[in-house]
Every structure is written in C-alpha cells, then in structure tokens.
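In this note's numbering, the protein residues as written are 1 to 172.
Everything below concerns the one structure shown next.
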C-alpha cells in the first residue's frame with residue numbers, strides 16, 4: 001500500500017490536549033487523509049509556531065487544525081502566518097468548560113480568519129470533517145467518500161426512526 005501524502009497539520013498547544021481532540025485524527029483516518037501532529041505553544045514557542053505556519057503550504061499541507069485551551073491563541077497565530085485555511089478546536093478547560101477557549105478563537109480580528117468548531121465532544125470530529133470537505137473540493141475520490149458518509153448518516157437516522165416506531169407500537 002502506498003504511503004499517504006500528509007495534507008493536514010494538526011497542532012496542539014499541549015500534549016495534554018491530545019486525548020481531548022484525537023477524534024480529529026480518527027476522522028482523517030476514516031477518510032484516508034494523511035496528517036501530522038505537532039505540539040507547539042503560541043505563548044511558549046511563538047517563533048516555532050510562526051515558522052510552522054509559514055512553511056506549511058510549501059511542505060504540501062492543505063489545511064491546518066489548531067487545538068488549544070484557555071487563552072487559545074494558537075489557531076490565530078497560525079492563521080497570521082499562513083495562506084492555508086485554519087480550523088480551531090477550543091479545548092475544554094476546568095475554569096470555564098471551554099467557553100474561554102471558544103471566545104479566544106471566535107473573536108479573531110478581520111482579515112485573519114479562523115473557522116472554529118464546538119467545544120463539545122463533536123468539535124474534534126467536526127474539525128476533521130471540515131478538513132475533509134475542504135480537501136474534497138479538489139479531490140473527486142474524497143467527494144465520493146463524503147457522499148457515502150452522508151448517505152450512511154441518513155440510513156442511521158431512518159433505522160433509528162423505524163426502531164422507535166416499532167418500540168412504540170409494541171407498547172400500545
């Protein structure tokens with residue numbers, strides 16, 4: 001089997017954030033999208049974050065995903081140094097349950113866009129899916145996988161509906 005081309009760069013502000021956001025990698029693997037993971041801090045390693053952002057496109061990456069908690073500036077700092085789309089994952093914190101992280105990301109100034117997903121468990125999955133959707137714009141095989149994925153969602157809901165109706169009819 002051919003080695004996957006790395007198209008997505010995932011950056012976490014702390015290694016402790018990885019268990020909270022690894023769902024993003026699971027989605028990318030589900031769709032066969034190659035990715036890399038790095039630990040970089042907007043505050044502790046700002047030079048390295050800027051360099052990562054500046055070199056990402058030259059290295060062949062197409063989408064960057066940044067996960068950080070609290071003063072979650074990582075996504076914004078990356079966005080300031082790249083032309084690639086950046087998706088922010090606000091990591092839940094003990095202080096405010098992730099609201100602090102979310103607000104840090106969604107208050108980006110004009111001209112420095114960061115797409116931000118939710119702070120709940122679906123956030124990392126949605127970040128992965130958004131990255132896949134961006135990549136699918138230029139990859140017909142990925143478009144087909146997304147169409148199949150969406151159809152399975154429809155089938156899952158239809159099955160749940162049928163199960164509920166059968167359960168209700170047995171109760172009456």
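Every residue gets a Cβ at the ideal spot worked out from N, C-alpha and C, and that includes glycine.
This one's a predicted model, so the numbers in the text were calculated from it and none came from an experiment.
Touching by the beta-carbon criterion (3+ pairs, under 8 Å), the segment 13 to 29 and the segment 123 to 133: yes
Helix, strand or coil at residue 36 [DSSP, three-state]: As a working note, residue 36 is residue 36 in the chain shown. Strand, per DSSP.
Pairwise C-alpha distance: residue 143 and residue 137: Along the chain shown, one-based indexing puts residue 137 at 137. Along the chain shown, one-based indexing puts residue 143 at 143. Cα-Cα distance, rounded: 7 Å.
Buried/exposed call for residue 140, threshold 16 Cβ in 10 Å: Counting from one through the chain shown, the residue named residue 140 turns up at place 140. Burial call: exposed.
Closest by C-alpha distance to residue 72, when choosing among 156, 87, 35 and 134: Against the chain shown, residue 72 aligns to sequence position 72. Measuring from the Cα of residue 72, the nearest candidate turns out to be 87.
Buried versus exposed, by CB contacts within 10 Å (16 or more), residue 17: Counting from 1 along the chain shown, the entry for residue 17 is found at position 17. Classification for residue 17: buried.
Rounded C-alpha distance that separates residue 53 from residue 62: For the purposes of this step, residue 53 is identified with residue 53 of the chain shown, where counting begins at 1. For the purposes of this step, residue 62 is identified with residue 62 of the chain shown, where counting begins at 1. Those two C-alpha atoms are separated by around 11 Å.
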